[in-house]
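Numbering-wise, the sequence shown is residues 175 to 396 according to the numbering used here. Glycine included, C-beta positions come from ideal geometry on N, C-alpha and C.
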Amino acid sequence: MAPDLLDEDENSVADISAVDIADWRLRTFALYDDVRKIAMDDPFQAHVYWRQERDRMFGTHPASALTPASKQAFSGLRTADYDPRFRRYATLSPEGAGQEMNVQTGTDGVVPFVRLGTFDLDELGSLAVWRLRSYGGGIFVPFRDATAGKPGGSYGAGRYLLDTIKGAFHGLRGSGQQDFVLDFNFAYNPSCAYNEAWACPLAGPANRLAADIPVGELYLPV
C-alpha cells in the first residue's frame, strides 16, 4: 500500500470504486509528467498548471478526498504563489540509512518503510528519505515545518514533498543525475487533511523542519 490509504469503514470512502482510484492515480502520474516537462523551461508555469489541475481533480473527480458535500462548496485548494527560493537541489546522503519506520493505519494494518538516507537543505534543515517496503516500493519524503498548525499556515500534521509511488516526483539533475529536485512550491497536504476517512503516514521527528516553508499547498479546512 502507498501513502494516503482508504479506511473502508467510512461510507464516504467505501463508495469510491477501484476503477476510480486507478483513474485518479493515472491522472496524477500524467500531471507530474507534464509538470516535470514544463518545469525544465519554466517552473513558474509548471506550478500554475499543477494548481489548476489539482483544483480540477479535487473538485470533480470521484476519487477525490473531498466528500460530496465539500465538493459542492469547493472553490480551490489554498496554495501559495510560486517562490523560486524554495526550489532546491540535494544529494541523498547515507545518514540514517537502514532505520525502519512502521506506520499503523487502522484497517490497512502496518505500512513499513526503511530509510534510504537524508537530504541536507542548508539553512532549512534536513529531511529523512524513506522507501516503502511493501508492494510497489517508492520514495517518500513527508515534512512538517514551522508554519504547521498556525493560522494561515500549513496542515498541522505536515505535508508531502515526494511520493514517487503516486507520481509526485520532480526529477534529477546534474551530469550524474545525482541531485534530486526538491521544490517545496509543490508540497501538498495528505488526503486525511480533507477527509478523516483516509489514513495517512505523517512526518516523524526526522522529517521536521524548524524553518518556515510558506509555499506549496497551505491549509484551509473544507
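Quick check on residue i: buried or exposed, where buried means 16 or more other Cβ atoms within 10 Å of its Cβ?
i, result
"residue 309", "exposed"
"residue 258", "exposed"
"residue 319", "buried"
"residue 202", "buried"
"residue 390", "buried"
"residue 249", "exposed"
"residue 312", "buried"
"residue 234", "exposed"
"residue 347", "exposed"
"residue 209", "buried"
"residue 215", "exposed"
Rounded to whole angstroms, what is the Cα-Cα separation between residue i and residue j?
i, j, result
"residue 260", "residue 343", "15 Å"
"residue 269", "residue 237", "37 Å"
"residue 339", "residue 306", "9 Å"
"residue 335", "residue 286", "19 Å"
"residue 244", "residue 190", "15 Å"
"residue 181", "residue 369", "Low confidence applies to residue 181: its pLDDT is 43, below 50, so where it sits in the model is not reliable, and the reading given next is rough at best. Going from the Cα of residue 181 to the Cα of residue 369 covers about 10 Å."
"residue 226", "residue 352", "30 Å"
"residue 184", "residue 371", "The predicted position of residue 184 is uncertain, since its pLDDT is 41 and thus under 50; a value taken from the coordinates is nonetheless stated next. For residue 184 and residue 371, the distance between alpha carbons rounds to 6 Å."
"residue 246", "residue 265", "43 Å"
"residue 354", "residue 361", "15 Å"
"residue 383", "residue 298", "7 Å"
Any idea what DSSP makes of residue i, helix, strand or coil?
i, result
"residue 338", "helix"
"residue 184", "Confidence at residue 184 is low in this model, with a pLDDT of 41, below 50, so the placement of that residue should be treated as unreliable; the coordinate-derived value is given next. Residue 184: coil per DSSP, three-state reduction."
"residue 175", "Summary for residue 175: the model assigns pLDDT 39, below 50, so the residue's position carries little reliability, and this model does not support an answer."
"residue 389", "coil"
"residue 353", "strand"
"residue 382", "strand"
"residue 322", "strand"
"residue 373", "strand"
For residue i and residue j, which I take to be in contact (beta-carbon distance under 8 Å), what is that distance rounded to the nearest angstrom?
i, j, result
"residue 387", "residue 321", "6 Å"
"residue 300", "residue 392", "No, residue 300 and residue 392 are not in contact; Cβ-Cβ is about 23 Å, not under 8 Å."
"residue 356", "residue 262", "5 Å"
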